[in-house]
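Each remark here refers to the structure printed beneath this line.
Numbering (the UniProt record's numbering), first residue to last: 1 to 164.
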């Protein structure tokens with residue numbers, strides 16, 4: 001049996017994606033100024049506290065809606081805040097996704113990756129009607145959700161919900 005000696009390979013001082021630039025910076029970091037508020041596209045003027053309140057509520061609503069469709073929540077959790085047509089559509093979508101995934105909708109965690117609402121943008125058409133778009137991230141992918149809300153009897157009701 002003959003043993004072949006291995007060729008010696010010099011070690012690199014850095015390794016691929018772990019390479020860090022260790023040269024000192026003598027200048028202070030640049031200040032990045034962001035706009036205080038994103039550009040809004042309201043048809044009617046709305047006071048900022050009302051807009052902020054609706055955007056926070058839309059964020060929570062869309063988060064719940066995508067979890068319902070994925071099978072993580074029961075559709076009954078949004079019954080009060082959806083029209084009959086939207087409620088029926090959410091139920092239909094949840095059943096279809098559950099059937100495809102082989103689980104019961106709204107019973108237990110079904111999705112391997114939890115959807116996360118990343119951003120929400122609202123536009124008031126009238127003081128009682130608003131439309132919103134949201135970007136939802138599913139792991140490395142993103143989807144858009146469009147919603148329309150009408151203010152009825154002290155709370156907002158979703159009258160249209162579209163997934164893209």
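We put the beta carbon where it would ideally sit given N, CA and C, even for glycine. Treat the numbers as computed from the prediction; the structure is a model and nothing was measured.
Enumerate in chain order the residues of its own chain whose CB-to-CB distance from residue i is below 7 Å, with the five nearest sequence positions on each side excluded.
i, result
"residue 143", "136, 163, 164"
"residue 79", "87"
"residue 128", "150, 151"
"residue 104", "98"
Buried or exposed: residue i, going by 16 or more other Cβ atoms within 10 Å of its Cβ?
i, result
"residue 63", "buried"
"residue 47", "exposed"
"residue 107", "exposed"
"residue 156", "buried"
Output the distance between the C-alpha atoms of residue i and residue j, rounded to the nearest integer angstrom.
i, j, result
"residue 42", "residue 54", "13 Å"
"residue 161", "residue 67", "14 Å"
"residue 95", "residue 85", "15 Å"
"residue 121", "residue 99", "32 Å"
"residue 34", "residue 113", "Annotation note: pLDDT 47 at residue 34 (below 50); position unreliable, coordinate value reported separately. So the alpha carbons of these two residues sit roughly 31 Å apart."
"residue 117", "residue 57", "12 Å"
"residue 154", "residue 82", "14 Å"
"residue 65", "residue 146", "11 Å"
"residue 73", "residue 140", "22 Å"
"residue 89", "residue 49", "31 Å"
"residue 2", "residue 101", "57 Å"
The alpha helix (DSSP H) that contains residue i, what's its start and end?
i, result
"residue 53", "48 to 70"
"residue 96", "84 to 101"
With a threshold of 6 Å on Cβ separation, who are the neighbours of residue i within its own chain once the five nearest residues in sequence on each side are excluded?
i, result
"residue 131", "123, 148"
"residue 59", "117, 120"
"residue 134", "62, 117, 120, 145"
"residue 159", "83, 148, 150"
For residue i, report the span of its beta strand (DSSP E) as first-last.
i, result
"residue 154", "Residue 154 -> no beta strand (DSSP E), and no H or E assigned at all."
"residue 120", "116 to 126"
"residue 73", "Note, residue 73: premise wrong, no beta strand (DSSP E); not H, not E."
"residue 44", "Counting along the chain, residue 44 falls outside any beta strand (DSSP E), and DSSP gives it neither H nor E."
"residue 132", "129 to 138"
Is there at least one non-hydrogen atom of the ligand MG closer than 6 Å to the beta-carbon of residue i?
i, result
"residue 64", "Of ligands this structure carries none, so the ligand MG is not represented either."
Which residues in the same chain as residue i place their Cβ atom closer than 8 Å to its Cβ, once the five residues preceding and following it in sequence are excluded?
i, result
"residue 44", "124, 125, 126, 127"
"residue 4", "none"
"residue 69", "90, 93, 94, 97, 163"
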